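Chemist: First to last, the sequence lines map onto chains E and U.
Using my numbering, read the first sequence as starting at 18 and increasing by one per residue.
Using my numbering, read the second sequence as starting at 267 and increasing by one per residue.
Backbone N, C-alpha and C fix where the C-beta goes; we use that ideal spot for every residue, glycine too.
In this text, all values refer to a predicted model and were calculated from it rather than measured experimentally.
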Amino acid sequence: MDNDLQLARAVSEAALTTEGVYSLGTGRYAEAATYGPGEKVIGVVVGPDEVRVHIVVRYPLSESIPALAERVRERAALSAGGRATMVVVEDLEVVRDENL
Amino acid sequence: MRIFNRIVVILLLAGLVYLGIATVVYVFELGPYQLSDLPNALGFSGLYEGLNSYVTSIESGNLGVEDVVILVAIALLGLVLLIFELKPPTPRRVRMQQGTYITRRAVESKVSPVVEQEPEVLQSNVKVKAQRKPGARVDVSASVRSGEDARSVQSEVQNRVQQHLAEVGIPVSNLKVQVAESDPRHTKTRVK
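#1: Does residue 56 of chain E get closer than 7 Å to chain U when you measure Cβ to Cβ?
#2: Cβ of residue 412 of chain U within 7 Å of Cβ of residue 447 of chain U?
#3: Using 7 Å as the limit for Cβ to Cβ distance, is residue 109 of chain E near chain U?
#4: Of all Cβ atoms in chain U, is any one closer than 7 Å to the Cβ of residue 86 of chain E?
#5: Could you have a look at residue 366 of chain U and say whether DSSP puts it in helix, strand or coil?
#6: Please say whether residue 42 of chain E and residue 75 of chain E have beta carbons closer to each other than 7 Å?
#7: What is the rounded straight-line gap between the Cα of residue 426 of chain U and the Cα of residue 453 of chain U?
#8: What's the call for residue 276 of chain U, buried or exposed, on a 16-neighbour Cβ count within 10 Å?
#9: Kindly list the residues whose CB is nearer than 7 Å to the CB of residue 299 of chain U, restricted to its own chain and excluding five residues on each side of it in sequence; keep chain order.
#10: Just checking my contact of residue 72 of chain E with residue 436 of chain U at CB under 8 Å: how many whole Å lie between their CB atoms?
#11: Is any beta-carbon of chain U found at less than 7 Å from that of residue 100 of chain E?
#12: How about residue 406 of chain U and residue 443 of chain U: are their beta carbons less than 7 Å apart?
#13: Got a sec? Which residues, its chain only, sit under 7 Å from residue 367 of chain U by beta carbon, not counting five neighbours each side?
#14: Can you tell me where the beta strand (DSSP E) holding residue 52 of chain E begins and where it ends?
#15: Rounded to whole angstroms, what is the Cα-Cα separation between residue 51 of chain E and residue 35 of chain E?
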């Protein structure tokens with residue numbers, strides 16, 4: 018369980034530090050999270066064979082959504098301990114250009 | 267199919283609850299209820315007799331047209347249910363590449379504003395379906411005032427949506443646009 022939490026934290030950090038990711042998604046019908054004693058990591062679901070990352074993409078995009086999702090998947094896979102990694106683009110967040 | 271299964275299970279469980287309560291009432295002979303009356307009270311005696319005579323007539327080969335129709339209907343219903351049960355469920359998310367998905371809601375949120383950018387469109391409704399193969403199935407229905415050139419609006423909306431989704435990289439396997447004339451008093455936007 019602790020290993021799952023550690024893994025979820027690492028994957029969450031890898032996803033959030035990817036350029037173009039605004040935040041992690043929370044899931045819609047069921048909360049997308051990994052649970053541990055007194056703690057949960059929202060946006061990453063660690064299963065026995067698979068790690069699923071839910072992301073919210075920053076809009077306007079610097080690259081296409083599939084390319085960004087693939088980049089997040091590659092980065093998350095490095096922290097996923099050999100488990101299959103899946104990325105779900107949950108939403109797009111329109112961010113104002115700070116230079117305007 | 268999931269909803270059908272749930273309905274069947276709910277009915278089955280409701281039946282079991284009823285049966286359980288009836289059994290308890292009859293076992294403890296509460297009020298006028300006697301255990302020996304239970305099969306009659308539940309209507310099982312008539313059911314047994316009817317079923318027995320039906321099976322006997324089938325076994326002896328005395329099949330009427332109605333019997334054949336009922337048996338064929340049961341067989342067909344079983345076949346249809348079997349096919350639905352074996353059919354893999356439709357995925358909830360749109361597959362982009364191997365291991366990357368986008369939610370239907372996210373696709374809808376990208377398509378709706380593009381459709382409503384079209385000056386003639388007063389209101390739109392976008393439905394996105396995920397498929398087992400990569401790409402979304404997008405159904406757009408747009409409302410325009412009567413007298414508008416529906417065909418040109420349809421082709422314009424189709425081009426806009428296709429172009430926008432290609433720009434952001436959301437794969438679309440099937441895009442269908444329907445344009446219908448509507449009374450502006452009943453649409454989200456009256457004037458553009």
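Modeler: To lay it out plainly:
#1: So, not an interface residue.
#2: In this structure, residue 447 of chain U lies closer than 7 Å to residue 412 of chain U by Cβ.
#3: Yes, because at least one Cβ of chain U sits closer than 7 Å to the Cβ of residue 109 of chain E.
#4: With 7 Å as the cut-off, residue 86 of chain E counts as an interface residue toward chain U.
#5: For residue 366 of chain U, the three-state secondary structure derived from DSSP is strand.
#6: No, they are not a contact pair.
#7: Taking the straight line joining both Cα atoms gives about 21 Å.
#8: The residue is exposed, with fewer than 16 neighbouring Cβ atoms inside 10 Å.
#9: If we look at residue 299 of chain U and ignore the five residues flanking it on each side, its Cβ neighbours are 291 and 292.
#10: Going by Cβ atoms, the distance from residue 72 of chain E to residue 436 of chain U rounds to 15 Å, so no, they are not a contact pair.
#11: So no, residue 100 of chain E is outside the interface.
#12: For residue 406 of chain U and residue 443 of chain U, yes; Cβs fall inside 7 Å.
#13: Counting only Cβ-Cβ distances below 7 Å, and skipping sequence neighbours, we find 359, 360 and 361.
#14: 50 to 53 is the extent of the beta strand (DSSP E) around residue 52 of chain E.
#15: Taken atom to atom, the span from the alpha-carbon of residue 51 of chain E to that of residue 35 of chain E is near 20 Å.
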